[in-house]
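In what follows, a structure is listed as structure tokens, so that the remarks can point back to it.
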Amino acid sequence: MVEVEMKSENQQNDSMKERRWTLDDFDVGKPLGRGKFGNVYLAREKKSKYVVALKVLFKNQLQQSQVEHQLRREIEIQSHLRHPNILRLYGYFYDQTRVYLILEYAPKGELYKELQRFKVFSERRAATYIASLARALIYCHQKHVIHRDIKPENLLMGIKGELKIADFGWSVHTFDRRKTMCGTLDYLPPEMVESKDHDAGVDIWSLGVLCYEFLFGTPPFEAAKHSDTYRRIIKVDLKFPVKPFVSPQAKDLISQLLVKDSAQRLPLEKVLTHPWILANADPSGVYAM
Ligand code: AMP
Numbered sequence: 079m080v081e082v083e084m085k086s087e088n089q090q091n092d093s094m095k096e097r098r099w100t101l102d103d104f105d106v107g108k109p110l111g112r113g114k115f116g117n118v119y120l121a122r123e124k125k126s127k128y129v130v131a132l133k134v135l136f137k138n139q140l141q142q143s144q145v146e147h148q149l150r151r152e153i154e155i156q157s158h159l160r161h162p163n164i165l166r167l168y169g170y171f172y173d174q175t176r177v178y179l180i181l182e183y184a185p186k187g188e189l190y191k192e193l194q195r196f197k198v199f200s201e202r203r204a205a206t207y208i209a210s211l212a213r214a215l216i217y218c219h220q221k222h223v224i225h226r227d228i229k230p231e232n233l234l235m236g237i238k239g240e241l242k243i244a245d246f247g248w249s250v251h252t253f254d255r256r257k258t259m260c261g262t263l264d265y266l267p268p269e270m271v272e273s274k275d276h277d278a279g280v281d282i283w284s285l286g287v288l289c290y291e292f293l294f295g296t297p298p299f300e301a302a303k304h305s306d307t308y309r310r311i312i313k314v315d316l317k318f319p320v321k322p323f324v325s326p327q328a329k330d331l332i333s334q335l336l337v338k339d340s341a342q343r344l345p346l347e348k349v350l351t352h353p354w355i356l357a358n359a360d361p362s363g364v365y366a367m
């Protein structure tokens, strides 16, 4: 770990340049977490001593759930993205029974757990995260990639607490987008709930949902029944609770993101210059915890 921190970003990346990997190239350490299709371990590449997260997926589980094509797309897309707020995928390899993803290690873990711990985030913290995400999504959209599954469970934190978008399992290149229904209902925009054609505007909507959840502690269209969430999303039934206190500027930004017509949602570049972001977000993109 220490060795990695002492190296420059370029040197680190050089040491993980594309090559054929096998499990023998890594010292595998403690488990970092358990996922649906396998486990994630802290690992170190033996030669460079570079620390990574090794995600181990079981082929039979991937086959049973028919998600091999999704995994291929995730690898194809995520391995080509290079942004400080997007988790790097350095490479992959496989053996008879497993597929291994070599991922950037996110030492501070899941944002979801932080939100559970604090219930809500301060406006400073929320705005810093929203600005980081807007920058990462601008980068993705420039590369014609839409993530489609932005939610707290898919956000990890780097060593300084900076956000890292992980899990590109639902992402697509805009040129092969389909009218697929995917992701957790709570974060889906009206056009996806209604299985209509959709574009990069879906990520702008999710940013609005996330901003609301950071500040109020629950997603905006939450309901006991799936069918009620569905109805609330389609109607854009947006209500702001009186408590906790949230500034009018924050509510203004959320209202401009959660707009039914995707073309009318506030463009991500304008999110970065919204008065609430300018007043609250830490320009370094790091929220000092
Ligand atoms: P996943 O299968 O992606 O849901 O990962 C399972 C769990 O492993 C996550 O909830 C995280 O706690 C942890 N994890 C996954 N990827 C990483 C990573 N790159 N760095 C640190 N922890 C991770």
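Mapping of the sequence shown onto the working numbering: residues 79 to 367, in sequence order.
Just so you know, even glycine gets a beta-carbon here, dropped at the ideal spot from N, CA and C.
Only a predicted model underlies this, so the values are computations on that prediction, with no experimental measurement involved.
Within 8 Å, strictly: CB atoms of residue i and residue j
| i | j | result |
| --- | --- | --- |
| Tyr-265 | Ile-228 | yes |
| Val-198 | Pro-322 | yes |
| Glu-152 | Gly-286 | no |
| Pro-162 | Glu-240 | yes |
| Val-106 | Leu-135 | no |
| Ala-209 | Ile-243 | no |
| Arg-226 | Gly-279 | no |
| Pro-319 | Phe-294 | yes |
| Lys-338 | Val-314 | yes |
| Arg-140 | Glu-188 | Residue identity differs from the one stated: residue 140 is Leu in this sequence, not Arg. No; because the gap between Cβ atoms is not below 8 Å, this pair is not in contact. |
| Leu-120 | Asp-173 | no |
| Ala-63 | Glu-192 | As shown, the chain starts at 79 and ends at 367. That puts residue 63 outside it, with no answer to give. |
| Asp-370 | Ser-340 | Residue 370 lies beyond the residue range present for the chain, which begins at 79 and ends at 367; the question has no answer from this structure. |
| Tyr-308 | Pro-298 | no |
| Trp-354 | Ala-205 | yes |
| Ala-359 | Gln-327 | no |
| Lys-137 | Val-118 | no |
| Leu-331 | His-304 | no |
Cβ separation of residue i and residue j, assumed to be a contact under 8 Å, to the nearest whole Å
| i | j | result |
| --- | --- | --- |
| Ile-155 | Gly-169 | Between Gly-169 and Ile-155 the Cβ distance is about 14 Å, and since that is not below 8 Å, they are no contact. |
| Ile-312 | Pro-268 | 5 Å |
| Lys-221 | Leu-159 | 7 Å |
| Leu-350 | Leu-336 | So it is not a contact: roughly 18 Å between Cβ atoms. |
| Tyr-217 | Tyr-365 | Going by Cβ atoms, the distance from Tyr-217 to Tyr-365 rounds to 20 Å, so no, they are not a contact pair. |
| Arg-310 | Ala-302 | About 11 Å; that fails the 8 Å criterion. |
| Leu-149 | Ser-157 | Not confirmed; about 12 Å, so no contact. |
| Glu-201 | Ser-333 | The Cβ separation is near 16 Å, so there is no contact. |
Residue i beta carbon near the ligand AMP (any heavy atom closer than 7 Å)
| i | result |
| --- | --- |
| Asp-275 | no |
| Gly-363 | no |
| Arg-203 | no |
| Lys-375 | For residue 375 there is no data in the structure shown, the boundaries of the chain being 79 and 367. |
| Ala-244 | yes |
| Gly-113 | yes |
| Glu-188 | yes |
| Ala-184 | yes |
| Leu-193 | no |
| Val-118 | yes |
| Leu-110 | yes |
| Leu-234 | yes |
| Leu-165 | yes |
| Leu-159 | no |
| Leu-335 | no |
Per DSSP, the bridge partner or partners of residue i
| i | result |
| --- | --- |
| Tyr-183 | DSSP output for Tyr-183 lists no bridge partner at all. |
| Phe-136 | Arg-176 |
| Phe-171 | Tyr-178 |
| Ile-155 | None, per the DSSP bridge assignment. |
| Ile-164 | Ile-243 |
| Glu-192 | According to DSSP, which records beta bridges pairwise, Glu-192 is partnered with nothing at all. |
Any C-beta of chain B under 8 Å from that of residue i
| i | result |
| --- | --- |
| Phe-196 | No chain B appears in this structure, which consists of one protein chain only. |
Checklist entry - Can you give, in chain order, each stretch of the alpha helix (DSSP H) that sits fully within the segment 207-279 and has at least 4 residues? => result 268-271
Item to check | Segments of 3+ residues assigned as beta strand (DSSP E) that fall wholly inside the segment 96-136 | outcome: Entirely contained in the segment 96-136, the beta strand (DSSP E) runs reaching 3 residues are, in chain order, 104-112, 116-123, 129-136.
Item to check | Continuous alpha helix (DSSP H) assignments of at least 4 residues falling wholly in the segment 294-324 | outcome: 304-313
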